[in-house]
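Inspection log for the structure reproduced underneath, given as structure tokens.
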Amino acid sequence: MSEALVRSDPIPAGPFLGRDASLKAAPRLARYVLRARASAAVEKVLGAQIPTAIGGFANGVACLGPDEWLMFASDGRESPVDESGSVSVTEVSDRSVGIILEGARAAEILATGCPLDLDHFAVGRATRTIYETVEIVIVREAMDRFHIEVWRSFAPWLWTALTTAATE
Amino acid sequence: MILIHCPYCDEQRPEIEFANAGQAHIARPSDPSAMSDEEWEHYLFIRANPRGRHHERWRHNHGCGRFFNAVRDTVTDKFETTYKAGEPRR
Amino acid sequence: MTGYRLPTGGRIDRATPFKVRFDGRSYSAFAGDSLASALLANGVQLFGRSFKYHRPRGIVGSGSEEPNALISVTRGPGRFTPNLRATNVEVYPGFEAESQNRWPSLRFDFGAINDRLGMFFPAGFYNKTFMWPRSFWERLYEPAIRRMAGLGKSPTEEDPDHYSATYAHCDVLIIGAGPAGIDAALEAASSNQRVILIDEQDEAGGGALADPALWPWLARSMKALAGMPNVTILTRTTAFGYFHDNFIGAVERMTDHLADIGSGPREKLWRIRAGEVVLAQGAIERPLVFDGNDTPGVMLSSAAKVFALRYGVAVGRSVALMASHDSGWQDVFAMAKAGVGIAAIIDVRDEVDADLRAQAEELGIAVRLGQSVIGVRGRHGVTAIEIARNDGGASSTLACDAVLMAGGWTPTVHLWSHSKGTLAWHDDLGAFVPDVPAEKARCVGACAGLWNFGQGLTIDALPTPKDKARIKAFVDFQNDVTAKDIRLAVREGFRSIEHIKRYTTNGMATDQGKTSNLNGLQIASTALSRPVTDIGLTTFRPPYTPQTFGALAGHAKGSLFQPTRKTNIDGWAEENGAVFELVAQWRRARYFPKAGEDMLAAVNRECRMVRSSVGIFDASTLGKIEVVGPDAAEFLNRMYTNPWKALEPGRCRYGLLLKEDGFIADDGVSARLAPDRFHLTTTTGGAARVLNMMEDYLQTEWPDLNVWLTSTTEQYAVIALQGPNARKVLEPLVEGIDLSAEAFPHMAIREGLICGIPTRLFRVSFTGELGFEINVPSAYGRALWERIMAEGARYDITPYGTEAMHVLRAEKGFIIVGQDTDGTVTPFDAGLDWAVGKKKPDFVGKRSLARPDLVASGRKQLVGLLTEDPNHVLEEGAQIVADPKQPIPMTMIGHVTSSYWSETLGRSIALALVADGHHKMGEDLFIPMPGKTHVAKVSSMIFYDAEGARLNV
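Chains as they are written, first to last, in our numbering: chain H, 349 to 516; chain U, 4 to 93; chain S, -13 to 939.
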């Protein structure tokens, strides 16, 4: 076997510096969609507390729906395993890419296409929503930092849209 | 763009996150093969088209992903209420 | 005074003079001028030609209400904007504009012949005259009318500008930054709410801009607001629409006023969600209806005051006022004090407030009460007016060069009406004012009918001794509607104001009747002898003023118009000369031409190589859904037509999905990875739809099932390797999977490693050849593709695109949902009986398969077609008939759904939906096309390797 396969990603590796805001690709992450009727079953599988209210984010896990959690983990972490049959674990590490939007104008730039009232979207919240016509998941990591998840094939469009907004 | 209260997220969210999914409270028959052609036709095709209060299904597809029920006034486009799937008709 | 510029006053910057061009002539202007004020200062009165009669027209208003002075602004290649109101256009050094709707020039306009023939153009003229013969309409009448009657020219070049957009949220949105709006903003801001204050003009102030006494207050207030972090002030921003739940659309003009537009966006679309909306849009003065009231130089009194006090421009050297309202008196007093010469005040009322009369006397202004203007002299500009006493007697003439109309006020309720707020008629104001809100909204100031303009008399038209049928007293200046037209509509039987509006076109121009609606209503009311409240008001609709398409599109232009989804392998295809096509939002390689090849040659080569050696295809766009849970097999069994419970882990199955109505919705091969885990595939275009449909059944019909769905479409890059040498190419790259035919049969799945990367390896075929579909995490797609290309080089591995894929699958009779089906095709129609589980008690769509119309004979069924001429490739979509000699219109019995040149077979092949097709095997059918009727024989859909020998190797 020759050398290992090289990954290729849809957005630039280097950061984009706009006016009072920057954008960059999030580090490579492992991602899992966890589905279950009860959060307790998921907590048992993960051995960690997870948010139970939709919109919550804790321990790298976002609660996106009443029975749906999106888990982020550092790359290389073993997949969670459910042996009870009550939790669905699906790996989606490569389904999306993460974009870190940071800076004093971060919320303003996200608001160019996201219809949520970000003044009322507290630090530590996560949700699935939309930027113009493209579905995204946002996690507010700080007042002026958002982690934006977008499906891989939509990422170049979103990158262009956000960098355009960051330039204006 | 209206605001819609998602009964699962328990907050008002912009309409663009949602999709309408037709008339509510039309349950799929448990044994379709036992139905007459007329009954099946009614289940498949016959829908209400009220002026005013209308029970509809919506899905918060760019949010929590859940289907839910709503009462919307077709004249004013105002939502009277929304409630979770499976809850009794309001 | 130089020209008509007053020696002092106004908010213009006299230290910054420059030149502007209008219709090729140069004029002087100051920073802060509008095009209207700059040209008026140079003595220009003629601004345009009217829509229908091509009558000379001048300025009527001073802002968005302006109906006449529509001009086109040019600022370099592609930057041409027609139909702008000269009163709203800010000028800058080098500004260039031209007038519209005239030929060859504004002063000598050929179309003005329409004015002389005016008696032939009454209301409804076009409707009545150009009805017959019908065929003349498109070819003759409409093009001719469009040439003669029209507004500015449409831009013909691509717009080089870019546009911005945003959402914004606030607790209080105030629309209109006049005194009432500013007060509302100060109040809301002091309670620490998020406030947005918007105004369409270049600076906040509204009416205060024409009232120097208020300028210190204005400066103080705006300074205070600008210093508050919770306040956003948007000037040059027009709120054009008010939508449900306090959602307001506004457009901010960012560069149109700049000499150097820079590289920023031209306009910005604001999509604002407000807790409360405060409408402070003010009021618009009403013109008076009299003969010749459209002559250049006749304008609103309030507008003349704005020109004098805000811009330092006298609209004439000797200005007459025609009033039915006190406000006009106040206007001319202020103008007189600013140095404008006033010829006389004429008021239709017999009595006015004694204080007004005293002030007029003090200023030395002649006053004529109980009189009316009954005619205007001058064609390109006022030279004199005829005045008559309302109670009869001889008329007199008064020389003047401008006439001001003060006909009372109309609150600007457009946005209020967009929001579905109701209106109430106030007799004392002679106006509709906002009544019951439909949203959390309120009106303040003149917009609410609260003004201190004094008293007035509401009249439909000025009294005149002239024959009302022979005079031209305009109501709607922009659409050339006269009082006579409205009376005619009533005489012809129109009763509803909605019908009168559409018949006369009153209020239907781009200004939506800002100055004409109420006068039109009054005239209709008088003609019908019914109160205005019985007649009603027509509906205002967005936009408040016309907006550019660019602004409404926002960022959605060029590469941001909509996402073009690309796979991880797309870059390789691009570098290797692929020709692409769009499939849903995906960009897919259609074929890979080599030098000198056209599409047919490339596709033929690609097909040959797949059949003879090995081809490689990017199948990443296939929809994928991971179905997980103890009830996964039960769920799929209910969704799909065929049985799934007995499918062993490690095996695949073709799944056919129906809608509940029995028609084919989607298909795809799916694999069972474990007892509780399936990997589904869907069509490229159906991915989101199928997931939504499955979620719907799962969440709402069978919530008891323990199974969950997750889209994995983008988790995997998928490389299809197809052809007799596929296994040989793959073998050296794969670890932990025995690829032998015995260990890994057709329609199986194995998990292992490829080039060190985890893979889900399917043994499936959409070509009829030995084939594999390699799923790897998306980011490795391109690297793996290149590795396989290198490995396959000794077999001359050939990348193929969607076109070859289509040909290869058609040779095997594999359908493409959405191409060979159209939402009315059942599994039986498509020859997919084998995929329907006969013993299953239920699945989605099963009951419908027994519907009388789905079991009736004569249904269109999918069949193969072989043309008599093997070299002729039928057109997809071509209609099929049984008898080519029947008279036209022929009975069509079906159409061609897929048609290709098959390089493998050395002839053309086609699939078609044909009525009773399954019972027409071997029959000749006919495809009439221009020039020739083609003959084709109905055949099986499987053209190649019917026994499947090539698959099982």
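Beta carbons are placed, not taken as given, at the ideal position from N, Cα and C, and that holds for glycine.
* Are the region 655 to 672 of chain S and the region 581 to 594 of chain S touching by the rule of at least three beta carbon pairs closer than 8 angstroms? -> no
* Give me the Cα-Cα distance between A417(S) and R473(H), rounded to the nearest whole angstrom. => Working through the third sequence from its first residue, we reach residue 417(S) at position 431. Working through the first sequence from its first residue, we reach residue 473(H) at position 125. Their backbone Cα atoms lie some 50 angstroms apart in a straight line.
* Asked: Which of the three DSSP states, helix, strand or coil, is assigned to C12(U)?
  -> As a working note, residue 12(U) is residue 9 in the second sequence. Coil.
* Any chain U beta carbon closer than 9 angstroms to D652(S) -> Start at 1 with the first residue of the third sequence, and residue 652(S) comes out as number 666. At a cut-off of 9 angstroms, the C-beta of D652(S) has no neighbouring C-beta in chain U.
* **Three-state secondary structure assigned by DSSP to A370(S)** => As a working mapping, residue 370(S) is identified with position 384 in the third sequence. Looking at A370(S) - three-state DSSP - the assignment turns out to be strand.
* Who does Y702(S) pair with in a DSSP beta bridge? -> As a position in the third sequence, residue 702(S) is number 716, starting the count at 1. As computed with DSSP, Y702(S) is found in a beta bridge with P763(S).
* Asked: Would you say G155(S) faces chain H, with C-beta separation under 9 angstroms as the test?
  -> Here the question's residue 155(S) lines up with position 169 in the third sequence. Note that residue 155(S) is His in the sequence shown here, rather than Gly. So yes, H155(S) belongs to the interface.
* Rounded to whole angstroms, what's the CA-CA distance from D277(S) to V467(S)? Just pull it up for me. => Along the third sequence, one-based indexing puts residue 277(S) at 291. Along the third sequence, one-based indexing puts residue 467(S) at 481. The straight-line gap from Cα to Cα measures roughly 13 angstroms.
* Asked: Do we get a CB-CB distance below 9 angstroms when we pair T79(U) with the residues of chain S?
  -> By one-based count along the second sequence, residue 79(U) stands at place 76. With 9 angstroms as the cut-off, T79(U) counts as an interface residue toward chain S.
* To do: Run through the region 159 to 219 of chain S for me and flag every whole alpha helix (DSSP H) of 4 or more residues, listed as ranges in chain order.
  => DSSP runs (the alpha helix (DSSP H)) wholly in the region 159 to 219 of chain S: 165 to 176, 201 to 212.
* Leaving out five residues on either side along the sequence, give the residues of the same chain with a beta carbon under 8 angstroms from the beta carbon of V949(S). => Residue 949(S) cannot be examined here, being either before or after the span of chain S that is shown, -13 to 939.
* Asked: Pick from E489(H), R453(H), I486(H): whose alpha carbon is nearest that of T518(H)?
  -> The first residue shown for chain H is 349 and the last is 516, placing residue 518(H) beyond what the model contains.
* Rounded to the nearest angstrom, how far is the Cβ of L725(S) from that of I743(S), given a contact under 8 angstroms? -> Residue numbering aside, residue 725(S) sits at position 739 when the third sequence is read from its first letter. Residue numbering aside, residue 743(S) sits at position 757 when the third sequence is read from its first letter. Between I743(S) and L725(S) the Cβ distance is about 17 angstroms, and since that is not below 8 angstroms, they are no contact.
* Asked: Whose Cβ in chain B lies nearer than 7 angstroms to the Cβ of D357(H)?
  -> Here chain B cannot be found, since the structure's protein chains are H, U and S.
* the region 265 to 273 of chain S / the region 63 to 83 of chain U touching (three or more Cβ pairs under 8 angstroms) -> no
* Asked: If you measure beta-carbon to beta-carbon, which residues of the region 689 to 710 of chain S are closer than 9 angstroms to chain H?
  -> N692, V693, W694, L695, T696, S697, T698, T699, E700, Q701, Y702, A703
* Asked: Out of curiosity, what's the CA-to-CA distance linking R663(S) and S33(U)?
  -> Start at 1 with the first residue of the third sequence, and residue 663(S) comes out as number 677. Start at 1 with the first residue of the second sequence, and residue 33(U) comes out as number 30. Using only the alpha carbons, I get a separation of about 26 angstroms.
* Inspect the beta-carbon positions of F649(S) and G809(S) and report whether they are closer than 9 angstroms. => Taking the first residue of the third sequence as position 1, residue 649(S) is located at position 663. Taking the first residue of the third sequence as position 1, residue 809(S) is located at position 823. Their beta carbons are under 9 angstroms apart, which means F649(S) touches G809(S) by this criterion.
* To do: Please report how far the alpha carbon of S287(S) lies from the alpha carbon of P273(S), in whole angstroms.
  => Position 301 of the third sequence, counted from the start, is the residue given in the question as residue 287(S). Position 287 of the third sequence, counted from the start, is the residue given in the question as residue 273(S). Rounded to whole angstroms, S287(S) to P273(S) spans 9 angstroms at the Cα level.
* To do: Flag Y683(S) as yes if its beta-carbon sits less than 9 angstroms from any beta-carbon of chain U, otherwise no.
  => Along the third sequence, one-based indexing puts residue 683(S) at 697. Closer than 9 angstroms: yes.
* Helix, strand or coil for T2(S) per DSSP? -> Position 16 of the third sequence, counted from the start, is the residue given in the question as residue 2(S). Three-state result, T2(S): strand.
* Asked: Pick from L719(S), E700(S), L633(S), V704(S): whose alpha carbon is nearest that of M733(S)?
  -> Indexing the third sequence from 1 puts residue 733(S) at position 747. The candidate whose alpha carbon is nearest that of M733(S) is L633(S).
* Is the distance from the Cβ of I332(S) to the Cβ of A346(S) below 9 angstroms? -> As a working note, residue 332(S) is residue 346 in the third sequence. As a working note, residue 346(S) is residue 360 in the third sequence. No; because the gap between Cβ atoms is not below 9 angstroms, this pair is not in contact.
* Let me know if T142(S) comes out buried or exposed under the rule of 16 or more other beta-carbons within 10 Å of its beta-carbon. => Translated into the one-based positions of the third sequence, residue 142(S) becomes position 156. Counting Cβ neighbours within 10 Å, T142(S) comes out exposed, since fewer than 16 surround it.
* Asked: What in chain H is Cβ-close to G68(U), meaning under 8 angstroms?
  -> Within the second sequence, numbered from 1, the residue matching residue 68(U) stands at position 65. Here the neighbours are L412, G413, E416, R476.
* Residue burial classification, Q316(S) (beta-carbon count within 10 angstroms, cutoff 16) -> Taking the first residue of the third sequence as position 1, residue 316(S) is located at position 330. Looking at its Cβ environment, which holds 16 or more other Cβ atoms inside 10 Å, Q316(S) is buried.
* Asked: Mapping DSSP to helix, strand and coil, what is K918(S)?
  -> Position 932 of the third sequence, counting from 1, holds the residue named residue 918(S). Residue state, collapsed to three classes: strand.
* To do: Grab me the residues of Y(-10)(S)'s own chain with a C-beta within less than 8 angstroms of its C-beta, minus the 5 sequence neighbours each way, in chain order.
  => Residue -10(S) sits at position 4 when you count from the first residue of the third sequence. Closer than 8 angstroms at Cβ, skipping near neighbours: L26, A27, N28, G29, V299, A300, V301, G302, R303.
* Interfacial residues, the region 29 to 51 of chain U to chain S, with Cβ spacing under 7 angstroms -> R31, P35, S36, M38, D40, W43, L47
* **Beta-carbon spacing of L840(S), T812(S) below 9 angstroms** => Here residue 840(S) refers to the residue found at position 854 of the third sequence. Here residue 812(S) refers to the residue found at position 826 of the third sequence. Yes, they are a contact pair.
* What does E777(S) reach in chain U if we use C-beta pairs closer than 8 angstroms? -> What you label residue 777(S) is simply residue 791 of the third sequence in a count that begins at 1. By Cβ distance, chain U contributes nothing, its closest Cβ being about 41 angstroms from E777(S), past 8 angstroms.
* **Where R343(S) falls: helix, strand or coil (DSSP)** => Taking the first residue of the third sequence as position 1, residue 343(S) is located at position 357. Three-state DSSP puts R343(S) in a helix.
* To do: Verify the CB distance criterion: does R16(U) have a CB-CB separation below 9 angstroms to chain H?
  => One-based indexing of the second sequence puts residue 16(U) at position 13. Answer yes: the Cβ-Cβ gap between R16(U) and chain H drops below 9 angstroms somewhere.
* Quick one: give me the first and last residue of the alpha helix (DSSP H) that Q548(S) is part of. => Your numbering for residue 548(S) matches position 562 in the third sequence. Taken as a continuous stretch (DSSP letters only), Q548(S) belongs to no alpha helix (DSSP H), as it is neither H nor E.
* Does the pairing of the region 455 to 462 of chain S with the region 482 to 489 of chain S give three or more beta-carbon distances under 8 angstroms? -> no
* To do: For G395(H), decide whether its Cβ has a neighbour in chain U, counting only Cβ atoms nearer than 9 angstroms.
  => The residue given as residue 395(H) occupies position 47 in the first sequence. Judged by the 9 angstroms Cβ criterion, G395(H) is not in contact with chain U.
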